[in-house]
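Colleague: Per our numbering, the sequence shown starts with residue 478, numbered consecutively. Just dropping this structure here.
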Amino acid sequence: MPTSSIAALCFFSAFMVTAPDAFGQAVGGSDGARPVQGDPGISSMLVLEDEAFRVLRDYAEPGATRRLHTHSTATYQVFMLVTGKIRLTVEGQEAVDILPGEVVSLPGGASHTFTNTGEVTATIVEVFGKPTSR
């Protein structure tokens, strides 16, 4: 079950401290967000990408659903709900409601879907780990 975890909270805290400009961009406005093909009411934008991780900011209009999908190359996925309310379902598990300020971590490659169950646009900041060569 996806849960808030100390590790996820520490990750976002470290991100805020070490990359404050990127974090400010991550929770900023929707200018530049593009519709996600096949998912009406969902849009996304790349905020930051480097060799270790990728940061996206997603928007979900009230009632919009992001279809079941996976990030097959991600080694981990951490996201924080900034505004709105979503119901997150990881394949094979019960759905959980996520509220603003909550941070959730998923294992890399976990199939998941979410629906905005609130009355305002949901804003989600997602961080994906990238495989590293050693």
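A virtual CB, placed ideally from N, CA and C, is assigned to each residue, including glycine.
1) Count Cβ pairs between the segment 556 to 574 and the segment 590 to 600 that sit closer than 8 Å; are there 3 or more?
2) Kindly indicate which residue of LEU583, THR600, GLU571 and VAL602 has the alpha-carbon position closest to the one of HIS548.
3) Touching or not, the segment 537 to 555 and the segment 514 to 524, by the rule of three or more beta carbon pairs under 8 Å?
4) Reducing DSSP to helix, strand and coil, say where GLU568 ends up.
5) Give me the Cα-Cα distance between VAL577 and LYS607, rounded to the nearest whole angstrom.
6) Could you give the first and the last residue of the continuous beta strand (DSSP E) run that contains PRO584?
7) Provide the residue(s) that pair with ARG511 in DSSP beta bridges, ordered along the chain.
Modeller: So, from the data block:
1) Flag = yes, the segment 556 to 574 and the segment 590 to 600 touch.
2) Residue 548 sits at position 71 when you count from the first residue of the sequence shown. Per the Cα distances, LEU583.
3) By the Cβ test, the segment 537 to 555 is in contact with the segment 514 to 524, since at least three Cβ pairs between them sit closer than 8 Å.
4) In the sequence shown, the residue the question calls residue 568 occupies position 91. Three-state DSSP puts GLU568 in coil, outside helix and strand.
5) The count along the sequence shown starts at 1 and reaches residue 577 at position 100. The count along the sequence shown starts at 1 and reaches residue 607 at position 130. According to the sequence as given, residue 577 is Pro; it is not Val. The alpha-carbon atoms of PRO577 and LYS607 are separated by roughly 26 Å.
6) As a first step, residue 584 must be located in the sequence shown, where it is residue number 107. First-last of the beta strand (DSSP E) with PRO584: 580 to 584.
7) Within the sequence shown, the letter at position 34 stands for residue 511. Note: ARG511 is bridge-paired with SER521 in the DSSP secondary-structure output.
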